[in-house]
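Encoded as structure tokens, the structure appears first; notes follow it.
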Amino acid sequence: MPTVSIPGKDIQFFFTDTGAPGTVPSYTTLILVHGHTYHSAVFQKLLPLAATRSVRIVCINRREYPGSTPHTAEELRVYASGSDQERTALMNEAGVNLALAIDEIIQQCNLPSAGVALAGWSLGNTFTMAAMGSILSLPSETQERLQTCVETIIMWDPPSHALGIASPPNAYVPLYDQELPPAARGPAFGRWVTSYYIHGDLSNHDPDQLNYRNADPSRKATYEDMPIGELLNIVDYSVGGKCDTILTEPPFASVVSALVNKALFDPEIRSAWKGTKVAYMYGTANPWNVHFGLWDVEGRLASAKGKAPIAFRPIENANHFVMWEDPSLTLDELIDCTKA
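So this is what it looks like as structure tokens:
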């Protein structure tokens, strides 16, 4: 399995790579970072399309997921019960490690010296934001390569929980449903997050217009008819209880919120990335927390008064798994984000 090792650390990341698209000397490379439960195999339908768009697609598995290094017992302790200071240090280190992994991929795969787009999907945004915020903590050679090569950072369907945002009253996510047995929460979350939702008038950012529970009955959840064997090829239900779920819960919120704020709105960080653009891509039929996260970022952006530009790109009627439902559209939208 292809992996990259982090220099000086006993950490490696598994990745897949479609390879260079033909013999063209320059092209766009999309580096994709997955979310909660669904690992990099969730992007598999995009891969056969890469050559048709003259792009390269690299998909990374985060730590704890197949082929990548598990967390240490101490790291898992910090996830579960660490102080804010310990958790901040943990996430800063996670950002550094992901940034170093991207740098190693750039070198190992001989990527062109421009045209890289780093996209975090769902919970993956927490880690791509951590990587973005780590730029000044990296070795100078790594900083220079990332500043040159990474031209776009794409926030793709970040839920509010992945941005450290407190939920509105009456919000619902099956992962936190205490009425469900712990073993049932993962599968219930899988159905909830893969469904389509019709919301009310969202123009005024009114939480009462969000649809928290009731999926659109006219559209099947993405994996509703998938045989269990195929589903198990793209998920790992064991990771949530170790680290991913707690990362999205209130005890971690202030740490994650500060991390996102640093990445997107710290002038020194944005300046360090030089001309790197930030794009925000989201499907309008997503669960409520994607819209709630969007509103918060829009509010922070307004407060920044143009000093931290973000290009927003809605995908009409797309759910959280548009890469599976319509991979061609998804790839085109990702490519268009690089042109924003």
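First residue of the sequence shown: 1, per full-length UniProt numbering; consecutive thereafter.
Think of the CB as a built atom: it goes at the ideal place given N, C-alpha and C, for glycine as much as any other residue.
By DSSP, does SER24 sit in helix, in strand, or in coil?
The sequence position of residue 24 within the sequence shown is 24, counting from 1. Residue identity check: residue 24 is Val in the sequence provided, not Ser. Reduced to three states, the DSSP call for VAL24 is coil.
Between the Cα of PHE14 and those of HIS39, GLY8, THR28, spot the shortest distance and give me the residue it belongs to.
Residue numbering aside, residue 14 sits at position 14 when the sequence shown is read from its first letter. Ranking HIS39, GLY8, THR28 by Cα distance to PHE14 puts HIS39 first.
For ALA278, I'd like the list of residues in its chain whose CB is within less than 6 angstroms of its CB, leaving aside the five on either flank, ordered along the chain.
As a working mapping, residue 278 is identified with position 278 in the sequence shown. Per the sequence shown, the amino acid found at residue 278 is Val instead of Ala. So the qualifying residues of the chain are ILE153, ILE310.
If you run the structure through DSSP and keep just helix, strand and coil, what is THR16?
For this step, residue 16 is matched to residue 16 along the sequence shown. In this structure, THR16 counts as strand in the three-state DSSP scheme.
With burial defined as no fewer than 16 other Cβ atoms inside 10 Å of the residue's Cβ, what is the status of GLY19: buried or exposed?
Taking the sequence shown and counting its residues from 1, the one referred to as residue 19 is at position 19. Burial call: exposed.
From which residue to which residue does the beta strand (DSSP E) around TYR282 run?
Reading the sequence shown from its first residue, position 282 is the one you call residue 282. Element bounds for TYR282: 277 to 283.
Taking VAL150 and THR276 to be in contact with their CB atoms under 8 angstroms, please state how far apart those CB atoms are, rounded to whole angstroms.
The sequence position of residue 150 within the sequence shown is 150, counting from 1. The sequence position of residue 276 within the sequence shown is 276, counting from 1. Yes, they are in contact, since the Cβ atoms of VAL150 and THR276 sit about 6 angstroms apart, within 8 angstroms.
When the Cα atoms are used, what is the spatial distance from TRP156 to PHE292?
Here residue 156 is taken as the residue at index 156 of the sequence shown, counted from 1. Here residue 292 is taken as the residue at index 292 of the sequence shown, counted from 1. One C-alpha to the other measures close to 14 angstroms.
Between the C-alpha atoms of ALA318 and PHE312, what's the straight-line distance to the nearest angstrom?
Reading the sequence shown from its first residue, position 318 is the one you call residue 318. Reading the sequence shown from its first residue, position 312 is the one you call residue 312. So the alpha carbons of these two residues sit roughly 15 angstroms apart.
If you follow the beta strand (DSSP E) that TYR5 is in, where does it begin and where does it stop?
Indexing the sequence shown from 1 puts residue 5 at position 5. Note that residue 5 corresponds to Ser in the displayed sequence, not to Tyr. Counting along the chain, the beta strand (DSSP E) containing SER5 begins and ends at 3 to 5.
What separation, rounded to the nearest whole angstrom, lies between the Cα atoms of VAL260 and TYR223?
One-based indexing of the sequence shown puts residue 260 at position 260. One-based indexing of the sequence shown puts residue 223 at position 223. Looking at the two C-alpha atoms, the distance is approximately 31 angstroms.
Counting pairs of beta carbons, one from the segment 99 to 114 and one from the segment 69 to 76, are three or more of them closer than 8 angstroms?
These segments do not touch.
Taking DSSP as the reference, what is the three-state secondary structure of ALA221?
Here residue 221 refers to the residue found at position 221 when the sequence shown is read from its first residue. Correct three-state label for ALA221: coil.
Identify, in the order they occur along the chain, each residue of the same chain with its Cβ nearer than 6 angstroms to the Cβ of THR88, setting aside the five sequence neighbours on each side.
Sequence index remark: in the sequence shown, residue 88 carries index 88 (1-based). If we look at THR88 and ignore the five residues flanking it on each side, its Cβ neighbours are VAL255.
Check whether the segment 283 to 302 and the segment 197 to 216 touch, using three or more Cβ-Cβ pairs below 8 angstroms as the test.
The segment 283 to 302 is in contact with the segment 197 to 216.
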